[in-house]
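Enquirer: A single structure is presented below for examination.
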Amino acid sequence: MYEDWGLIEASIASQYGIRLRAEPEMTWDEFCTLLAGIMPETPLGQVVSIRSENDREKLKHFSPEQHRIRNEWRSREIKKARWTDEEAAKAVQEFQNIIKQAFG
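First residue of the sequence shown: 767, per the working numbering; consecutive thereafter.
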């Protein structure tokens with residue numbers, strides 16, 4: 767999710783007209799609500815759609831860039847699957863701490 771921060775910022779700005787860096791008072795709950803409502807037409811929504819596509823017919827028509835995005839994500843997910851439960855919990859906690867610092 768760290769590498770998706772730019773997509774998250776752009777998507778929230780695009781969909782809601784909110785610039786996250788200009789919202790120091792936004793709560794974690796509000797941020798989570800906005801993120802959960804991101805539509806497919808946003809930058810993040812488009813990338814998530816590409817990453818999660820499994821329909822062979824649709825995949826045949828992907829551009830080289832779409833294949834690159836999907837393949838990078840799938841490679842990352844395979845590597846992530848090698849984490850121990852402790853490593854995964856630590857990574858989640860670190861991310862939550864970063865977001866809480868950013869949004870209180």
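Think of the CB as a built atom: it goes at the ideal place given N, C-alpha and C, for glycine as much as any other residue. As the structure is a computational prediction, the values presented were derived from the model and not from experiment.
Flag this pair as touching only if the segment 795-802 and the segment 776-784 have three or more C-beta atom pairs under 8 Å; answer yes or no.
Expert: Contact holds: three or more Cβ-Cβ distances are below 8 Å.
Enquirer: Please identify the residue among 814, 791 and 787 whose C-alpha is closest to the C-alpha of residue 770.
Expert: Translated into the one-based positions of the sequence shown, residue 770 becomes position 4. Looking at the Cα atoms, 814 is the closest of the given residues.
Enquirer: Among the candidates 777, 812, 848 and 821, whose CA atom is the shortest distance from the CA of residue 831?
Expert: Against the sequence shown, residue 831 aligns to sequence position 65. With distances taken between Cα atoms, residue 831 lies closest to 812.
Enquirer: Assign residue 809 to buried or exposed, taking buried as 16 or more other Cβ atoms, counted over all protein chains shown, within 10 Å of its Cβ.
Expert: The count along the sequence shown starts at 1 and reaches residue 809 at position 43. Flag for residue 809 reads buried.
Enquirer: Quick one: Cα of residue 791 to Cα of residue 857, how far?
Expert: Against the sequence shown, residue 791 aligns to sequence position 25. Against the sequence shown, residue 857 aligns to sequence position 91. If I take the Cα positions, the gap works out to 25 Å.
Enquirer: Please report the residue range of the alpha helix (DSSP H) in which residue 799 lies.
Expert: Start at 1 with the first residue of the sequence shown, and residue 799 comes out as number 33. Residues 794-802.
Enquirer: For residue 807, collect the residues of the same chain with a Cβ closer than 7 Å to its Cβ; drop the 5 residues on either side in sequence, then sort them by chain order.
Expert: As a first step, residue 807 must be located in the sequence shown, where it is residue number 41. So the list is empty, once near-sequence residues are dropped.
Enquirer: Does the beta-carbon distance from residue 822 to residue 839 come in below 8 Å?
Expert: As a working mapping, residue 822 is identified with position 56 in the sequence shown. As a working mapping, residue 839 is identified with position 73 in the sequence shown. Not a contact, by the Cβ cut-off of 8 Å.
Enquirer: Using the Cα positions of residue 841 and residue 848, report the straight-line distance between them to the nearest angstrom.
Expert: Stepping through the sequence shown from its first residue, residue 841 is reached at position 75. Stepping through the sequence shown from its first residue, residue 848 is reached at position 82. Each residue's Cα considered, the two are about 12 Å apart.
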